[in-house]
Amino acid sequence: MNICVFLSAADLDDRYTRPAREFAELLGKGGHTLVWGGSDVGLMKVVADGVQQAGGRLLGVSVDFLAAKAREEADEMVVARDLAERKALLLGKADAVVIMVGGTGTLDEATEILEMKKHGMTEMPVVLLNTAGFYDGLKEQFRRMEDEGFLPRPLTELVFFAEEPVGALAYLEESHGTR
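In the numbering used here, the protein residues as written are 26 to 204.
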């Protein structure tokens, strides 16, 4: 399975890197391909290292202005013209999406895939990996959107909230029929 991971390229402390590394190792050992933003820095590097060391493939999609930070040892690397093209390429190459900790770019990517699912433009499974409670507030906001009628589909059809890496991958494999 090609698993797209949206996440930060920042250097983060162990409460975020440890679960990210754990998820990456599970992904690699499962024989899956990581589809990611292509950067070889910060949390993106942690995940790419973990996948590669565990035997998985790396399919990166960088962007012109970040090409100098792209991982050289990726199995495949595509360089997009801009962020919109990058996002479209990432989603186009994915069978599933995992949203890990990140900033505004990650939030942008997360809301785009959820909007696509809301409108029936994709049915690929989406997992929000809520490491260290990072997305508790967003989870609450999504529930409020559902409760107050802003979502035309049940929240459970749009996204699966996982608190641990093993639960995230298990959900994806079950959804994809590979478990």
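Yeah, the Cβ is synthetic: ideal placement off N, Cα and C, and Gly gets one too. These figures come from a predicted structure and were not determined experimentally.
Top-ranked residue by Cα proximity to residue i, from the options
{"i": "Arg111", "options": "Leu37, Phe90, Gly127, Leu68", "result": "Phe90"}
{"i": "Leu59", "options": "Tyr41, Ala79, Arg43, Leu132", "result": "Ala79"}
Pair within 9 Å by beta-carbon distance, residue i and residue j
{"i": "Ala121", "j": "Val152", "result": "yes"}
{"i": "Gly67", "j": "Ser33", "result": "yes"}
{"i": "His57", "j": "Met26", "result": "yes"}
{"i": "Gly75", "j": "Ala49", "result": "yes"}
{"i": "Gly85", "j": "Leu52", "result": "no"}
{"i": "Leu163", "j": "Leu132", "result": "yes"}
{"i": "Thr136", "j": "Pro44", "result": "no"}
Limits of the unbroken alpha helix (DSSP H) element including residue i
{"i": "Met141", "result": "129-143"}
{"i": "Glu165", "result": "161-172"}
{"i": "Arg40", "result": "39-54"}
{"i": "Gly81", "result": "Run containing Gly81: none; DSSP gives neither H nor E here."}
{"i": "Ala35", "result": "Segment: none, Ala35 is in no alpha helix (DSSP H) and carries neither H nor E."}
{"i": "Lys112", "result": "108-117"}
Beta bridge counterpart(s) of residue i as assigned by DSSP
{"i": "Phe186", "result": "Leu153"}
{"i": "Ser208", "result": "Outside the displayed span of the chain (26 to 204) sits residue 208, for which this structure offers no information."}
{"i": "Thr58", "result": "Asn27, Arg82"}
Limits of the beta strand (DSSP E) - the one that residue i falls within
{"i": "Phe31", "result": "27-31"}
{"i": "Glu148", "result": "Segment: none, Glu148 is in no beta strand (DSSP E) and carries neither H nor E."}
{"i": "Ala105", "result": "101-105"}
{"i": "Ala121", "result": "121-124"}
Backbone CA spacing between residue i and residue j [nearest angstrom]
{"i": "Arg46", "j": "Val71", "result": "6 Å"}
{"i": "Gly55", "j": "Met125", "result": "19 Å"}
{"i": "Glu123", "j": "Ile28", "result": "Reading off the sequence, residue 123 comes out as Val, not Glu. Spanning the two alpha carbons is a distance of roughly 7 Å."}
{"i": "Glu173", "j": "Gly128", "result": "26 Å"}
Closer than 8 Å: residue i CB and nearest the ligand FAD heavy atom
{"i": "Ala193", "result": "What this structure holds is no ligand at all, so the ligand FAD is not there to describe."}
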